[in-house]
Amino acid sequence: MSTSPAAETDVVVVGSGPNGLAAAVTLARAGLAVHVLESQETIGGGARTLDLGLAPGIVHDLCSAVHPLALASPFFAEFDLAARGVRAIAPEASYAQPLDDTPAAIAWRDVERTADGLGADGPAWRALLGTLSRDQDLVVELALGDKRSVPSALLTPRTLRTAPLFGALVALQGTPAWDLPFRTERARALLTGVAAHAIGQLPSLALGATASLLGTIAHGVGWPIPVGGSQAIVDALVADLRAHGGTVTSGHHVRTWRDVPPARAVLLDIPAPAAADVLTNRLPRPLEAMLRRVPHGDGAAKVDFVLSGPVPWRDPDVGRAGTQHLGGTRAEMARTEAEVASGRFPDRPLTLVSDPAVVDPGRVRDGLRPLWAYAHAPAGDRTDPTERVTAQIERFAPGFRDLVVASRAVPAAEMIHHNPALVGGDISQGRVTMARMIARPTPLPDPYRLDRTGWYLCSSATPPGPGVHGMAGLHAASRVLRSEFGIRELPSLAPTPGRAQESSV
Ligand SMILES: Cc1cc2nc3c(=O)[nH]c(=O)nc-3n(C[C@H](O)[C@H](O)[C@H](O)COP(=O)(O)OP(=O)(O)OC[C@H]3O[C@@H](n4cnc5c(N)ncnc54)[C@H](O)[C@@H]3O)c2cc1C
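Heads up: the sequence shown begins at 3 in the working numbering, then just goes up one per residue.
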């Protein structure tokens with residue numbers, strides 16, 4: 003997909019991931035001429051859905067597949083995916099944690115049903131995650147801010163109740179005291195599976211925050227899966243960008259600032275060290291050094307399967323969830339994550355699984371369906387993950403192996419070939435620690451602005467960090483509008499009534 007840039011470009015965005023496109027849409031809607039350059043032939047970065055040639059008509063989500071943040075984020079709430087024809091369906095169970103010797107733990111979207119299933123830990127789950135999910139909007143504002151200012155939406159009395167509770171849950175889940183609120187292994191493991199979405203040390207404050215945010219949303223908007231795949235989100239963003247005069251060129255890899263056409267502002271939707279490479283000798287030296295020093299996190303090793311039927315989970319309730327966390331008990335997950343951190347790919351790696359057909363039967367063709375899975379692996383690991391991921395699923399779903407019709411594996415070291423932002427398989431554009439979530443990518447007062455000549459960073463290397471939420475793009479775009487164009491008010495992101503070309507469907 004490629005179109006020519008407007009004759010006079012106000013802004014160039016390098017990278018068409020969700021953050022790059024969120025920035026591009028915001029700036030185009032403010033009346034600027036915006037051009038997006040993408041290194042790959044396909045648009046959308048971590049939110050692409052492609053035919054991998056494994057089976058006719060079956061498409062696979064290359065990276066993101068499940069979208070709690072896209073549905074809950076302030077950017078997408080205003081952009082209004084539903085009004086643009088994107089159907090994202092939340093399964094009745096957001097996520098499941100199968101266990102070897104005890105019944106699986108299930109996070110139903112309904113918090114009462116979840117609490118009922120957790121026995122002795124039901125009251126604590128209800129008091130913590132149930133209470134927070136009623137204030138999901140505040141929790142999301144708190145977590146997805148720019149980490150430099152207090153969003154105005156938080157200036158409400160409800161915040162006095164929500165912020166301390168959220169902080170308490172983060173502190174409890176992020177420290178060695180993490181066993182305190184829950185007495186049973188099932189509740190402990192259930193929340194640890196969520197924490198592990200951010201690959202890192204268990205327990206740690208950053209992973210405690212991840213569990214608290216995603217665990218809250220699980221009982222709010224849920225963990226939805228877009229009909230047709232994540233690409234539906236990208237297509238809606240690109241349609242809106244084009245409707246507002248924006249253009250996109252694919253197959254254009256930016257190595258240096260010389261590869262970028264002249265513009266008043268350039269936003270980089272790429273990792274921090276890559277930004278230092280593009281701007282070598284152009285940035286203030288201390289900043290260039292800080293960007294280069296941002297450490298990459300450990301990685302994801304992906305396996306896309308084609309199956310001849312649904313995964314035969316030992317506990318059928320596990321198959322009613324849109325996402326499964328396969329890692330066993332809390333202690334086992336902490337151990338395998340420590341193995342990853344020490345550079346060893348575990349025999350039983352922590353594995354995330356999603357069958358989109360649970361909510362989207364259209365993904366099934368001629369009885370075949372895609373299954374999305376990835377395992378945590380050391381940064382840059384070259385191991386083919388297929389056998390270990392297959393065995394980990396088989397552990398909780400005996401007979402799984404017999405359903406596999408085809409598969410494609412991408413070791414952590416090779417993730418970079420379909421997205422240069424995934425260095426060594428790092429899905430977070432930088433190691434996830436609490437300090438690095440706040441001082442991301444640097445502790446400077448403005449984490450987005452790189453210099454005084456109009457260069458900005460807008461990727462998940464900046465706050466609020468990883469996930470398909472578009473918020474880094476929005477925060478960076480608001481600074482570009484103010485500092486480079488003197489525009490202090492953000493444009494409306496809502497669909498314009500009667501303007502069908504803003505929608506992709
Ligand atoms: C296996 C996997 C599973 C995931 N699952 C989920 C999930 O279920 N839900 C969720 O919310 N998040 C998930 N994520 C994380 C999510 O995909 C990312 O956090 C998100 O895509 C980050 O958006 P971004 O725009 O910052 O970067 P990206 O989406 O990575 O986009 C960066 C873009 O920039 C392009 N680019 C990079 N360098 C250059 C260059 N030099 N020149 C030109 N173009 C360049 C890339 O090709 C890419 O298109 C997952 C990630 C992975 C890898």
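Beta carbons: idealized from backbone N, C-alpha and C, even for Gly.
beta-carbon residue i near ligand 1 non-hydrogen atom, thresh 6 Å
i    : result
Q42  : yes
A145 : no
V470 : yes
I227 : no
G17  : yes
I201 : no
V68  : yes
G48  : yes
G299 : no
V61  : no
H255 : yes
D271 : yes
L71  : yes
I235 : no
G230 : no
G132 : no
Y376 : yes
I283 : According to the sequence shown, residue 283 is Asn rather than Ile. N283: no, Cβ never under 6 Å from ligand 1.
P76  : no
Endpoints, the beta strand (DSSP E) within which residue i is located
i    : result
T249 : 249 to 251
V36  : 36 to 39
F307 : 301 to 309
H378 : 371 to 379
W110 : 107 to 110
Q99  : 95 to 99
S494 : Element bounds for S494: n/a, residue is neither H nor E.
R433 : Where R433 is concerned, there is no enclosing beta strand (DSSP E), given that its DSSP letter is neither H nor E.
V13  : 13 to 16
V268 : 267 to 270
L354 : 353 to 356
Boundaries (first-last residue) of the alpha helix (DSSP H) holding residue i
i    : result
I235 : 233 to 245
T116 : 113 to 119
F347 : It is not in any alpha helix (DSSP H) - F347 carries neither H nor E in the DSSP assignment.
L328 : No alpha helix (DSSP H) holds L328; the beta strand (DSSP E) holding it covers 323 to 328.
R410 : Run containing R410: none in the alpha helix (DSSP H); it sits in the beta strand (DSSP E), 406 to 412.
A173 : 159 to 175
L144 : 138 to 145
L23  : 20 to 31
S485 : 473 to 487
W457 : No alpha helix (DSSP H) holds W457; the beta strand (DSSP E) holding it covers 457 to 459.
S214 : 207 to 220
Candidates the options, of which the one nearest residue i by Cα
i    : options                : result
K149 : A478, R501, S494, S505 : A478
T185 : D53, L293, A122        : Checking the sequence shown, residue 185 turns out to be Arg, not Thr. When only C-alpha atoms are compared, the closest one is A122.
P58  : N421, R442, V366, D383 : V366
L405 : P264, L370, V88        : L370
Q42  : H419, A463, T498, V434 : H419
M292 : G301, A277, G299       : A277
V131 : A109, V88, R350        : The question names Val, but residue 131 in the sequence shown is Leu. Taking only the C-alpha atoms, the option nearest L131 is A109.
D386 : S356, K304, S151       : K304
P1   : L29, L452, A35, P468   : Missing from the structure shown is residue 1; the chain here goes from 3 to 507 and no further.
G224 : R433, I91, A375        : I91
P413 : L269, E396, V391, H69  : V391
A179 : F168, G210, L167, H199 : G210
D53  : D306, E396, V320       : D306
A411 : V308, V268, E341       : V308
A30  : G500, G475, G176       : G475
G472 : A208, V142, T133       : V142
A106 : L328, L373, L174, G456 : L328
Outcome for residue i when other beta-carbon atoms lying within 10 angstroms are tallied against a minimum of 16
i    : result
G55  : exposed
G202 : buried
N283 : exposed
S75  : buried
R257 : exposed
M3   : Bear in mind that a pLDDT of 44 at M3, under 50, signals an unreliable position, so the model cannot answer this.
G157 : The question names Gly, yet the displayed sequence has Leu at residue 157. Under this definition L157 is an exposed residue.
Q503 : exposed
A234 : buried
Y82  : Correcting the residue identity first, residue 82 is Asp in this sequence and not Tyr. It counts as exposed.
H62  : buried
P297 : exposed
L182 : exposed
G17  : buried
A85  : exposed
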